[in-house]
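Taking UniProt numbering, the leading residue of the sequence shown gets 1, the next gets one more, and so forth. All remarks here apply to the structure that follows.
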Amino acid sequence: MSSYPTLKLTYFAISTGRAEVVRLALAIGGIPFEDDRVTFSQWPAVKPTLPFQQMPVLTVNGEAVAQNVAIARYVGTLAGLYPSANPLEAARVDEIFLAVEDIRSVLLGLLSIQDEAARKAEGEKISATTLPQAFGLLDARLTAKSKGTPYLLDNLSLADLDVYTIVAVTKSGWLAGI
Numbered sequence: 001m002s003s004y005p006t007l008k009l010t011y012f013a014i015s016t017g018r019a020e021v022v023r024l025a026l027a028i029g030g031i032p033f034e035d036d037r038v039t040f041s042q043w044p045a046v047k048p049t050l051p052f053q054q055m056p057v058l059t060v061n062g063e064a065v066a067q068n069v070a071i072a073r074y075v076g077t078l079a080g081l082y083p084s085a086n087p088l089e090a091a092r093v094d095e096i097f098l099a100v101e102d103i104r105s106v107l108l109g110l111l112s113i114q115d116e117a118a119r120k121a122e123g124e125k126i127s128a129t130t131l132p133q134a135f136g137l138l139d140a141r142l143t144a145k146s147k148g149t150p151y152l153l154d155n156l157s158l159a160d161l162d163v164y165t166i167v168a169v170t171k172s173g174w175l176a177g178i
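Here it is, written out as structure tokens:
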């Protein structure tokens with residue numbers, strides 16, 4: 001058995017956000033980690049302690065690593081889900097991962113709308129316009145690059161996990177109007 005660094009993942013106490021792909025990769029890789037889930041009431045006190053005052057943050061042997069894409073690549077490499085030895089395959093995984101991040105950013109923008117009715121109306125607009133277009137482009141790219149299943153490589157990758165997480169978010173009912 002390989003020895004892994006001591007890992008602590010800090011993120012909100014939700015399973016629909018940016019850290020979910022990291023949690024999945026760690027679980028699939030059988031990599032032990034502390035899952036530090038921050039409640040929304042704890043967030044104001046935690047925020048100023050973080051490198052960019054945002055989450056997720058992965059603490060590796062006491063050293064903080066910020067930004068979800070950097071964290072996902074690191075964990076994906078540990079778990080064998082990121083092809084760091086093959087630059088073209090890594091770029092293909094990144095391409096899909098970042099396309100999903102574009103979709104996620106649009107969805108998370110809904111959280112900044114304070115008025116519930118306005119948030120729901122904007123969610124419905126996004127569901128009718130932005131999401132069909134974005135998922136259509138994503139599907140076309142995945143289909144064009146697919147070797148079968150999983151989508152991009154001969155083995156499961158971070159890209160597959162991230163597509164799963166964004167579909168789960170859109171199906172969860174967590175965001176008003178989506």
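Quick reminder that beta carbons are idealized off the backbone N, C-alpha and C, glycines included. Being a predicted model, the structure only gives us computed values, none of them experimental.
Unbroken beta strand (DSSP E) run spanning residue i, endpoints
{"i": "G88", "result": "The identity of residue 88 in the sequence shown is Leu, whereas the question assumes Gly. L88 -> not in any beta strand (DSSP E); alpha helix (DSSP H) instead, spanning P87 to G109."}
Assigned exposure category for residue i - 16 Cβ within 10 Å defines buried
{"i": "L7", "result": "buried"}
{"i": "N61", "result": "exposed"}
{"i": "E34", "result": "exposed"}
{"i": "E122", "result": "buried"}
Residues of its chain near residue i, where Cβ-Cβ distance is below 8 Å and the 5 sequence neighbours each way are ignored
{"i": "I126", "result": "V106, L107, L110, G177 and I178"}
{"i": "M1", "result": "Bear in mind that a pLDDT of 46 at M1, under 50, signals an unreliable position, so the model cannot answer this."}
Near the ligand HEM: residue i beta-carbon under 8 Å from a heavy atom
{"i": "S172", "result": "What this structure holds is no ligand at all, so the ligand HEM is not there to describe."}
Proximal residues to residue i (C-beta, below 6 Å), its chain only, five neighbours per side dropped
{"i": "W174", "result": "T16"}
{"i": "A134", "result": "I103"}
Within 9 Å, strictly: CB atoms of residue i and residue j
{"i": "V65", "j": "I31", "result": "no"}
{"i": "V100", "j": "V22", "result": "no"}
{"i": "R37", "j": "I96", "result": "no"}
{"i": "A118", "j": "A72", "result": "no"}
{"i": "T130", "j": "V57", "result": "no"}
Beta-carbon proximity list for residue i, same chain, < 7 Å, skipping 5 on both sides
{"i": "Y4", "result": "I31, P32 and L78"}
{"i": "S172", "result": "T16"}
{"i": "T39", "result": "A13"}
Residue range of the alpha helix (DSSP H) that includes residue i
{"i": "S3", "result": "Taken as a continuous stretch (DSSP letters only), S3 belongs to no alpha helix (DSSP H), as it is neither H nor E."}
{"i": "T170", "result": "L158 to S172"}
{"i": "G123", "result": "E116 to A128"}
Taking only runs that begin and end inside the UniProt domain "GST N-terminal" (5 to 83), name each unbroken beta strand (DSSP E) of 3 or more residues, in chain order. 7 to 12, 34 to 38, 57 to 60 and 63 to 66
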